[in-house]
Each structure stands twice: as C-alpha cells, then as structure tokens.
Ligand SMILES: [Fe+2]
C-alpha cells in the first residue's frame with residue numbers, strides 16, 4: 010500500500026507541559042494567554058481531595074468556580090458565572106474538562122449547549138482554555154470533543170474550537186485517585202490507544218468528519234507508545250495508587266492516547282460502549298470493559314494480522330499462527346479487565362437478549378465513531394452482540 014502521492018494529514022495539539030510539578034504553572038500560563046478573570050471548572054471530589062487548592066491557591070486574581078456534574082448534560086449550564094470571564098481553567102477528569110470546553114463556547118458565542126451538538130457547529134474561537142487533568146483516562150485535555158447527555162442519549166460536540174489552548178499534565182495530581190476510578194479511567198485510555206492504533210487507514214476514510222482521519226503516520230507512533238505505557242502500568246497503578254512510576258506512565262499514556270485518537274478516530278468498541286452507556290447509565294470505563302470482546306471479535310476479519318502483531322509486541326503470546334496470536338490479544342484484554350475488577354460482559358451491565366436489537370441499531374447509527382472502524386459496521390454486528398449473551 011504505497012502512499013507515494015502522500016494523502017494529507019492534519020495534526021493539532023494544545024501547548025503541552027508534562028511532568029511532576031507542572032500543575033503549579035497555572036499562574037504563568039494565565040499570564041502567557043492574557044487571562045485576568047478565569048472561570049475554574051472542577052468537581053467536588055477534586056476539591057475534597059485537596060487537589061483543587063494545589064492548582065488554584067497560587068492564582069492571585071479573581072476566580073469564579075463552577076462544579077461540573079459527573080455525567081454532564083446539555084441542561085447543566087444554566088447557572089454558569091460567565092460575566093466578564095476571559096478564560097477557563099479545567100481542574101478535573103473528563104467531565105470537568107468537557108464542561109469547561111462547553112463553558113468557553115457559551116461565553117464566546119452564547120446560546121444553549123444543544124445548539125452545538127454535532128460536528129463543526131462552533132462559529133469561531135473561544136477564550137483560552139487551560140486543562141489540568143486529575144485522572145489518567147479520557148485524554149480530553151488533548152481533544153476537540155465534549156460528551157454531553159441530551160434527552161437520555163450521550164452526544165458529542167466536536168469542533169476544532171473546542172481543543173484546549175494548553176494542557177498542564179501533572180502525574181502527581183493522580184496519586185490520590187481511588188482505585189476504582191484508576192481502573193475505569195485507565196481502561197478508557199487503554200482502549201483509546203488500541204482502537205486508534207487499529208482504526209481504518211486514513212487513506213480509506215474519504216469523508217473526514219472533523220479531524221477523525223483514520224490511523225495515519227502521525228497518530229500510529231503515539232497510539233503505540235500509549236498502548237505500551239497503559240498495558241505496562243495500569244494494573245500497578247490500580248494495585249498501588251502511590252506507585253509514582255506507574256502513575257507517571259499512565260498519565261503520559263492517557264495523554265498520548267487522547268492526542269492520537271483525536272486525529273485517528275476510534276471504532277466499534279467505543280460506539281458499543283456509548284450505546285450501552287446511554288441504555289444503562291453505567292460509567293464509560295465499565296461500558297468499554299463489557300464492549301471490548303464483542304467489538305474486537307467483530308473486527309477480527311479486518312484486523313487479525315494487526316492484533317497478532319500487537320499480542321507479540323506486548324509479550325502476551327508466543328503463538329506461531331496469527332489466528333492464535335490475535336486470540337491471545339482478546340484474551341489479554343479479558344485478563345486485564347478482570348484484574349481491574351471491571352464488568353466482564355453486557356449481561357453484567359444488566360442488559361439481556363431482548364436488548365440485542367436496540368444495541369445493534371443504536372450502534373450502527375453512530376456515524377462519527379464507526380467512520381474510522383476498520384470493518385464497516387452494519388447488521389453483521391448482530392451476531393457478535395447476540396453471542397455476548399450466550
Ligand atoms: Fe473513551
């Protein structure tokens with residue numbers, strides 16, 4: 010598959026600082042971007058853990074604070090203190106960062122969050138957004154998307170104007186995370202790496218929704234490094250939250266995975282997880298854990314060779330045939346999920362055989378996610394979803 014003519018690739022990233030102590034650089038960043046009256050978006054757990062004060066105490070200027078909900082919805086933005094705000098600082102996990110992105114859009118352009126659902130509906134730039142992640146998971150600090158619940162369905166706002174201006178990624182902020190949050194968010198990062206790495210090749214994604222271009226020469230090395238870091242450190246961070254080397258590896262891995270999937274896109278595992286998340290209200294990381302086997306099984310006819318290479322690279326098989334090695338990658342996902350005490354199946358989320366039709370229908374309808382899946386997602390998905398309940 011020579012690409013001698015060179016299919017163009019777009020790659021965008023916030024200004025990034027990574028490392029222990031960079032969370033203390035918020036005042037300098039606000040100076041650099043000319044922000045005098047920031048809105049801080051966080052959540053109560055981050056404040057109670059003492060993480061918020063580490064970030065905002067040195068900020069010697071008037072600060073408004075907004076507390077994001079765990080699963081933000083389009084109706085959660087009514088009482089935002091946006092008057093005179095000239096920048097937004099997010100201190101939290103994906104929900105806080107996504108809320109901050111939408112707050113910046115509303116401050117710049119007004120209207121209601123529902124007006125912006127979909128792709129490319131933000132009219133122009135926003136005030137600077139500075140993201141300080143406190144989990145190692147969504148990688149939202151690197152992406153151009155916010156996920157919001159709207160009328161009971163998880164929807165996305167995707168637009169280049171949502172990508173944060175800057176990200177300060179400080180692994181020491183994650184050291185006090187509870188183990189179950191480490192597991193859920195870390196599994197999300199692991200799946201971001203795996204799905205972006207094995208997404209449809211960018212040359213075969215002719216209609217490019219925003220910058221989800223398919224796996225490409227820029228995204229693949231980031232995905233591969235993210236996968237190695239997450240696979241090698243997630244269980245250690247789960248078992249011992251104070252393991253600084255593991256926290257650092259997860260923090261970098263989650264960030265790189267976010268940067269990679271924001272240009273490559275994801276696939277059917279995320280589409281399935283988003284469907285069952287809407288149906289059950291269970292956290293994203295749990296829905297991914299239940300969706301990873303059916304999703305990868307669906308993709309096997311298109312990605313057997315790649316899965317086999319990954320299983321060998323990760324050192325989880327010595328199998329001679331690609332069939333066996335690819336099966337070993339799926340088995341390793343199962344083993345990791347079980348080691349993290351995450352749900353093993355769609356039944357564990359409370360779904361049953363009566364739900365198969367709805368799961369397939371709603372997953373096939375997710376154009377944005379499935380456009381970059383390596384195998385066209387259609388009614389053939391029914392067989393693997395039905396098999397998940399056997
Ligand atoms: Fe995700």
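Residue numbers (the numbering used here): 10 to 399.
Just so it is clear, CB atoms sit at the ideal spot from N, CA and C, and this is done for glycine as well.
All of these numbers come straight from a predicted model, not from anything done at the bench.
8 Å Cβ cutoff met for residue i and residue j
| i | j | result |
| --- | --- | --- |
| residue 297 | residue 200 | yes |
| residue 1 | residue 72 | Residue 1 lies beyond the residue range present for the chain, which begins at 10 and ends at 399; the question has no answer from this structure. |
| residue 192 | residue 350 | yes |
| residue 151 | residue 223 | no |
| residue 125 | residue 380 | no |
| residue 334 | residue 348 | no |
| residue 275 | residue 164 | no |
| residue 81 | residue 172 | no |
| residue 153 | residue 271 | yes |
| residue 266 | residue 208 | no |
| residue 360 | residue 285 | yes |
| residue 101 | residue 51 | yes |
| residue 149 | residue 103 | yes |
| residue 145 | residue 194 | yes |
| residue 355 | residue 263 | no |
| residue 130 | residue 179 | no |
| residue 89 | residue 112 | yes |
| residue 47 | residue 127 | no |
| residue 68 | residue 39 | yes |
| residue 339 | residue 302 | yes |
| residue 157 | residue 83 | yes |
| residue 74 | residue 49 | yes |
| residue 352 | residue 358 | yes |
Distance cut-off 7 Å: residue i Cβ against heavy atoms of ligand 1
| i | result |
| --- | --- |
| residue 170 | no |
| residue 197 | yes |
| residue 293 | yes |
| residue 147 | yes |
| residue 264 | no |
| residue 159 | no |
| residue 118 | no |
| residue 279 | yes |
| residue 189 | no |
| residue 201 | yes |
Environment of residue i [buried if 16+ CB atoms lie within 10 Å]
| i | result |
| --- | --- |
| residue 383 | buried |
| residue 393 | buried |
| residue 324 | exposed |
| residue 304 | buried |
| residue 183 | buried |
| residue 254 | exposed |
| residue 135 | buried |
| residue 119 | exposed |
| residue 386 | buried |
| residue 295 | buried |
| residue 34 | buried |
| residue 11 | Low confidence applies to residue 11: its pLDDT is 48, below 50, so where it sits in the model is not reliable enough to give any reading. |
| residue 62 | exposed |
| residue 407 | What the structure shows of the chain is the stretch from 10 to 399, and residue 407 is not part of that stretch, so it cannot be assessed. |
| residue 107 | buried |
| residue 362 | exposed |
| residue 399 | exposed |
| residue 240 | buried |
| residue 1 | Residue 1 falls outside the range modelled here, since the chain spans only 10 to 399, and no answer is possible. |
Start and end residues, beta strand (DSSP E) containing residue i
| i | result |
| --- | --- |
| residue 178 | 175-178 |
| residue 140 | 138-142 |
| residue 366 | Run containing residue 366: none in the beta strand (DSSP E); it sits in the alpha helix (DSSP H), 365-373. |
| residue 98 | 96-101 |
Range covered by the alpha helix (DSSP H) that runs through residue i
| i | result |
| --- | --- |
| residue 310 | 293-322 |
| residue 377 | 376-379 |
| residue 260 | 253-273 |
| residue 36 | 35-41 |
| residue 121 | Run containing residue 121: none; DSSP gives neither H nor E here. |
| residue 339 | 331-348 |
| residue 281 | 277-289 |
| residue 390 | 390-396 |
| residue 145 | Neither: residue 145 is in no alpha helix (DSSP H) and is coded neither H nor E. |
| residue 44 | Run containing residue 44: none; DSSP gives neither H nor E here. |
| residue 61 | 60-65 |
Opposing strand residues paired with residue i [DSSP bridges]
| i | result |
| --- | --- |
| residue 76 | 51 |
| residue 167 | 128, 154 |
| residue 86 | Bridge partners of residue 86: none, in fact. |
| residue 26 | 177 |
| residue 224 | 210 |
| residue 162 | 159 |
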